[in-house]
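Asks:
Number of protein chains: 2
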Amino acid sequence: MINFILDPSGGTPFYRQIIDQIKFGIASGKLKTGEQLPTVRALAVILKVNLNTIAKAYKELEILSILDTQQGSGTFINANGIVLTDEEKQRKIQDICKEFLTVAYTYGFSKDEVINELQNNQNNNFYNNLNNK
Amino acid sequence: MINFILDPSGGTPFYRQIIDQIKFGIASGKLKTGEQLPTVRALAVILKVNLNTIAKAYKELEILSILDTQQGSGTFINANGIVLTDEEKQRKIQDICKEFLTVAYTYGFSKDEVINELQNNQNNNFYNNLNNK
DNA sequence: TATATTGTATTAGTTATATAGTACAAATAT
DNA sequence: ATATTTGTACTATATAACTAATACAATATA
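These protein sequence lines map, in sequence, to chains W and X.
Quick note on numbering: the numbering used here labels position 71 of the first sequence as 71, and the sequence is numbered without any gaps.
Quick note on numbering: the numbering used here labels position 47 of the second sequence as 1047, and the sequence is numbered without any gaps.
Below, the structure written as structure tokens:
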């Protein structure tokens, strides 16, 4: 379970903040496969927004196969979303790496520089913090 | 110099397509430091859009210190945008690496997996293609 | 089978985004 | 100087994004 929170300032839409927090929750190991998320109504009450805002966030994550929703029972972290076929996995990792290198090159960083930075333990602080909560 | 082109379909705003093409141009080495870009009016005519659309793209890249604009003379690739201080450079590379790892983890990839993928030569095809144009 | 619980669909209103038209201001060049 | 070239500022408008109010449909459960 996650402690959801919304920041009304900053310009990031509510539904995207929810998406990010669920993604980070999975990335950090705080949300486990099969775990049930709050119902759209429950989370809407907690965060004081309309239930459609929650539904929109859940919907996008369902399209990405990250969540699995069943009308009548609820919304769950989807195991199959993480377990892609080898082909899909290969295409996805190529996509995000290519995108990343484009950004890095634009800022003048070489591939060796970013690889070296990635291997630096400092980069893990964010995830460590999440895990220790 | 770059052959700019706009795709009206696809939903990507014109000004962002221009930004991307300039960024990719720098990343690929096709645009060099000090090189002058087309004037906002010239590029507006070429691409058949309003000059404000070009100005908006140039402006965002100037904020990122990637371009240097001087009223009366023109818009240029900015050397200082790439040459950050060591501190700024360190912060920037940490930011983009942290962001990248978050995305990778969300999709279930480990740090080792993405580092291995980055070291794969296949990832460079995009940039090689740009350089060979 | 009712009834409650869950996600979904429809509609509407407000705000933000994207683009354009046009006028302005600064720098350059003649 | 002054005319030209450059980017900037202001305004308007159409479209999309975001959130909400409310009704609907599917599932679970008593």
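Quick reminder that beta carbons are idealized off the backbone N, C-alpha and C, glycines included.
Model, not experiment: these values are computed from the prediction.
Give a yes or no on whether the minimum CB-CB distance between residue 93/W and chain X is below 8 Å.
Replies: Against the first sequence, residue 93/W aligns to sequence position 93. For residue 93/W, the answer is yes, since a Cβ of chain X falls inside 8 Å of its Cβ.
Asks: Under 6 Å Cβ to Cβ from residue 1104/X, same chain only, skipping five residues before and after it: list those, please.
Replies: By 1-based counting over the second sequence, the position of residue 1104/X is 104. 1114, listed in sequence order.
Asks: The beta strand (DSSP E) spanning residue 68/W covers which residue range?
Replies: Taking the first residue of the first sequence as position 1, residue 68/W is located at position 68. First-last of the beta strand (DSSP E) with residue 68/W: 67-70.
Asks: Between 1015/X, 1094/X, 1117/X, which has its C-alpha nearest residue 1055/X's C-alpha?
Replies: Reading the second sequence from its first residue, position 55 is the one you call residue 1055/X. Among 1015/X, 1094/X, 1117/X, the Cα nearest to that of residue 1055/X belongs to 1015/X.
Asks: So is residue 87/W in contact with chain X if we call contact Cβ pairs under 8 Å?
Replies: To locate residue 87/W, count along the first sequence from 1; it is residue 87. No, its Cβ sits nowhere closer than 8 Å to a Cβ of chain X.
Asks: Please decide whether residue 105/W counts as near chain X, where near means a Cβ-Cβ distance under 8 Å.
Replies: Here the question's residue 105/W lines up with position 105 in the first sequence. So, interface residue.
Asks: Report yes if the CB atom of residue 18/W is closer than 8 Å to the CB atom of residue 4/W, and no otherwise.
Replies: Working through the first sequence from its first residue, we reach residue 18/W at position 18. Working through the first sequence from its first residue, we reach residue 4/W at position 4. Yes, they are a contact pair.
Asks: Could you check whether the Cβ of residue 117/W sits closer than 8 Å to any Cβ belonging to chain X?
Replies: Taking the first sequence and counting its residues from 1, one reaches residue 117/W at position 117. It does; some Cβ of chain X falls within 8 Å.
Asks: Tell me the residue span of the beta strand (DSSP E) that contains residue 1077/X.
Replies: By 1-based counting over the second sequence, the position of residue 1077/X is 77. Residues 1074-1077.
Asks: Measure the C-alpha to C-alpha separation of residue 1037/X and residue 1068/X and round it to an integer number of angstroms.
Replies: As a first step, residue 1037/X is located in the second sequence; it is residue number 37 there, counting from the start. As a first step, residue 1068/X is located in the second sequence; it is residue number 68 there, counting from the start. Rounded to whole angstroms, residue 1037/X to residue 1068/X spans 10 Å at the Cα level.
Asks: I want to see whether chain X comes within less than 8 Å of residue 101/W, judged by CB atoms only; does it?
Replies: The residue labelled residue 101/W in the question sits at position 101 within the first sequence. For residue 101/W, the answer is yes, since a Cβ of chain X falls inside 8 Å of its Cβ.
Asks: If we call anything under 8 Å between Cβ atoms a contact, is residue 50/W one with residue 44/W?
Replies: Residue 50/W sits at position 50 when you count from the first residue of the first sequence. Residue 44/W sits at position 44 when you count from the first residue of the first sequence. Cβ distance < 8 Å, so residue 50/W and residue 44/W count as in contact.
Asks: Please classify residue 118/W: does DSSP put it in a helix, a strand, or coil?
Replies: One-based indexing of the first sequence puts residue 118/W at position 118. In this structure, residue 118/W counts as helix in the three-state DSSP scheme.
Asks: Measure from the alpha carbon of residue 24/W to the alpha carbon of each residue in 1101/X, 1052/X, 1111/X, then state which is nearest.
Replies: Mapped onto the first sequence, residue 24/W falls at position 24. With distances taken between Cα atoms, residue 24/W lies closest to 1101/X.
Asks: Could you work out which residues of chain W lie near residue 1027/X, taking near to mean beta carbons separated by less than 7 Å?
Replies: As a first step, residue 1027/X must be located in the second sequence, where it is residue number 27. The answer, in chain order, is 102, 105, 106.
Asks: Confirm, please, whether the CB-CB distance from residue 1066/X to residue 1052/X is below 8 Å.
Replies: Looking up residue 1052/X in the second sequence gives position 52. Looking up residue 1066/X in the second sequence gives position 66. No, Cβ-Cβ distance for residue 1052/X and residue 1066/X is not below 8 Å.
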